[in-house]
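A short worksheet on the structure shown next.
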Amino acid sequence: MTLERRTKHRRIKKREKLTNALLFKISIWAISIVVIASVITFQVAYDDARQRVIGLLEQDLAPALERNEAFFDHVEENGDILAQQFLSNYKLMRNESRPIEQFNDWYEATSPGVLRLKPSFDRGVIAGGKYFQHLSAFLGKRDVALDDELKTRVIAAQYTLNELGPAWQNEVSNSHFSMPENILLMYSTESPWGLLADKDLVMTDYSVVRSTLQVNNPERKPNWTGLYYDISADVLTITYQKPVDLAGKHLANASFDVVLSSLVSDLTKKKRPNAEHVVLNNNGDLIAASNVTQDAIIARSTLTSETYNEPLYQRLSQLVVDRGFSDTPTILSGEVEGQLLFVNKLPGPGWWHITTYPLAEVRNQAIVLPLQLVGAGVGLVILILLMSYWLIQREVSRPLQEVAKVASLMGQRNYREAQTHKTTKIKARGEVKQALKAFQTMASRFITAQDELEREVESRTAELAEANRKLDALAHMDGLTGLFNRRAFDRDLNAAISSGKPYHLMIADIDEFKAYNDNYGHEAGDSAIKQIAECLRSNTPLKVYRYGGEELAMIVPSAYDLESKLNELRDKVIELNIPHHYTNTDRSCLSLSMGAAPIQRDDDNRSAIRRADKQLYAAKRAGKNCVVTA
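Sequential numbering of the sequence shown, starting at -17, is according to our numbering.
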């Protein structure tokens, strides 16, 4: 007994080592796979997530950039309109005397060599049949004579501003015409600049008007001035100017002043707490920034690398000067340490809008999804390992314990108990199940070899009988449907005739089956025949025969309510609802036509079949899907 217990103990220990080793190997493989998958998933997901974060940052910037681009484009379009209207008015007036008379009446000398539009034109006045308001003009000292042509040009500009200026008063701070003869006419609802300008002002001495002169702008291109502080309006301003020439002569500049405050607030408004927005000109000077107040910029008009010693600005300013960005949007990640840069060119003034965003924030946002995916993968592996442990315990450990018990009983020569040992409470499968059965079979053989031999002979005899039965069945069964075949039909019909008992022979045909085969294919046709065959077989205790390809038959005792039973079977076939959309009938599914006739005493097989066939043809002629009995 001690030896047997040791043997049993060794077997259990071996089994425990086997399952532990199996779990260990599964764990190693699972961990290896999840590590590799996690690395790949993390890399792919991180790259995708990083691009998604960058895309969201670009979406944050897009509205403000698009609004400002549209605004600058709109101002330039309005400049074209203002220039064209001035030229039209000038051409109409230059051969008339009335503009000269109006000039002499509307303009007055305020100091030697200086003329201004009378103040009433700013307050509001009717003159020349027109109502003028918010207009002022300054005609400073000049080197050329104030001739009739120049007077006409001034009046043409005044009429043009009076016509168009009110339309744009909410879009720009003012509309004006400047002329190379030190003349400026302005429409402004805020300030009568022409009445306030210094009498000694020479506008061509300053870059705004000087940049439009033919000598400085031979290509005659419109331009946006640099940022400057408008003392009279107390605001930072930029000016758009479009030179207007006629026959090679510089007549005027159609111009607008744009207040910077609304543009700056839109361009530097933070959408995200850690983002910084900077606007620089081509010289790297600071126009605006989200971390600099407008008052600080107004104090110097612009901040330069010499006057503003802030590390981020210094680096960005140097980039603009040295790198020379393209006009297309650019994203940079290595130019400023720890920062992602979004560089966009602003049309119009040609400024650079640069947004900086910490790369650490991009990484932090982009890493969330990969970590979630990796965490889900690790959780899944843990779940799989737990499931594996449970399955091994149920499918391997416990069945092996039962094998060990049976083996121990065999070792004790307790064959009868080994043979009758119950294993129903365990889930023994595969090789374990086969081992248990093998031990029990061995026990059974050891109990009585003779009984086993007799059972073997009996089993062989039974198997031979069963084989003979199956051979007989195969000889009389249809291979496709499992119904009785034509050979069985002929045999049973002949027996029914010979018996002298009253029977009816029913022959059925599947309606429009050729069209079904032609359109759905023979494989679908075989499937349909099998379904209908099973339907008939399962709904009647009588034998059902496959008489031909799609023809079925039954030999029905006359005691049955024939017509009722056949109609019931026909309805069951309809209930199968096997689709048939190529039938000429009003149904869209397969159906049966049935014909039945009594079997007479003096019949042979052929005559009985002919009589039933006649009723089947009658059913077909009656519209199909019906039963006709003699």
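Heads up, the beta-carbon is just placed ideally off N, CA and C, and yes, glycines get one too.
Just so we're clear, the structure is a prediction, and the values are computed from it rather than from any experiment.
query	result
Nearest to Leu167 by CA position, among Asp42, Ile581 and Pro101, is which residue?	Pro101
Can you tell me whether Glu131 sits near the ligand COA, meaning its C-beta is under 7 Å from at least one heavy atom of the ligand?	With respect to the ligand COA, the structure offers nothing, as it holds no ligand at all.
Taking all protein chains shown into account, do 16 or more other C-beta atoms lie within 10 angstroms of the C-beta of Ser520, making it buried, or fewer, making it exposed?	exposed
Run the CB neighbour count on Pro200, radius 10 Å, all protein chains shown included, and call it buried at 16 or more, exposed below.	exposed
Trp175: buried (16+ other C-beta within 10 angstroms of its C-beta) or exposed?	buried
I'd like the span of the alpha helix (DSSP H) that includes Gly176, first residue to last.	Trp175 to Leu178
If you compare alpha carbons, which of Val226, Tyr89, Ser193 and Asn205 is closest to Leu177?	Tyr89
With distances taken Cα to Cα, identify the nearest neighbour of Pro484 among Cys517, Ile537, Arg468 and Asp304.	Ile537
Within a Cβ cutoff of 6 Å, which residues of the same chain sit near Ile165, ignoring the five residues on either side of it in sequence?	Leu121
If distances are taken between C-alpha atoms only, which option among Glu557, Glu172 and Pro331 comes closest to Gln115?	Glu172
Which value, in whole angstroms, describes the spacing of the CA atoms of Ala612 and Lys496?	27 Å
Can you tell which of Leu99, Leu465, Asn77 and Lys606 has the C-alpha that lies nearest to the C-alpha of Arg87?	In the sequence as presented, Arg is not what sits at residue 87; that position holds Asp. Of the candidates Leu99, Leu465, Asn77 and Lys606, the one whose C-alpha sits nearest the C-alpha of Asp87 is Leu99.
Which same chain residues, not among the five before or five after Gln347, have their C-beta less than 7 Å away from its C-beta?	Val35
Tell me whether Asp239 sits in a helix, a strand or coil according to DSSP, three-state version.	strand
Can you give me the Cβ contacts of Ile108 inside the same chain, cut-off strictly under 8 Å, excluding the 5 residues immediately before and after it?	Phe114
Suppose you measure from the CA of Gly530 to the CA of Ile511; what does that come to, to the nearest Å?	11 Å
So the candidates are Pro81, Glu438 and Arg569; which of them puts its Cα closest to the Cα of Lys133?	Pro81
Find the nearest neighbour of Lys181 within the set Leu233, Leu97, Val154 and Arg254, judged by alpha-carbon distance.	Leu97
Taking the beta strand (DSSP E) that Arg603 falls in, what are its first and last residues?	Note, Arg603: premise wrong, no beta strand (DSSP E); alpha helix (DSSP H) at Asn587 to Arg603.
Which word fits Pro94, buried or exposed, when buried means at least 16 other C-beta atoms lie within 10 angstroms of its C-beta?	exposed
Quick one: any contact between the stretch 135 to 147 and the stretch 189 to 199, if contact means 3 or more CB pairs under 8 Å?	no
If we count Cβ pairs, one from each stretch, closer than 8 Å, do we get three or more for the stretch 232 to 239 versus the stretch 311 to 321?	no
By alpha-carbon positions, which one of Leu298, Leu353 and Asn256 ends up nearest to Glu343?	Asn256
Going by C-alpha to C-alpha distance, which of Glu163, Val154 and Ile22 sits closest to Ile220?	Val154
Do Ser573 and Lys606 have their C-beta atoms closer together than 8 Å?	yes
When DSSP labels each residue in this structure, what does Tyr89 get in the three-state scheme?	strand
Identify every run of the beta strand (DSSP E) within the stretch 269 to 334, keeping only runs that are complete inside it and at least 3 residues long; order them along the chain.	312 to 314 and 321 to 327
Under a three-way DSSP split, which group does Ile560 fall into?	coil
Sort Ala579, Gly330, Thr289 and Ser509 by Cα distance to Ala535 and report the nearest one.	Ala579
Who does Pro580 pair with in a DSSP beta bridge?	His486
Just the C-alpha distance for Gly647 and Asp586, rounded to the nearest angstrom, thanks.	The question about residue 647 has no answer, for the chain in this structure spans -17 to 612.
Taking the alpha carbon of Asn152 as the point to measure from, which residue in Val241, Asp309, Pro45 and Ala457 has its own alpha carbon closest?	Val241
Please classify Asp267 as buried or exposed, where buried requires at least 16 other C-beta atoms within 10 Å of its C-beta.	buried
Can you tell me where the beta strand (DSSP E) with Phe466 in it begins and where it stops?	No beta strand (DSSP E) contains Phe466, which DSSP labels as neither H nor E.
Specify, as a first and last residue, the run of the alpha helix (DSSP H) that Val154 falls within.	Taken as a continuous stretch (DSSP letters only), Val154 belongs to no alpha helix (DSSP H), as it is neither H nor E.
Met488: buried (16+ other C-beta within 10 angstroms of its C-beta) or exposed?	buried
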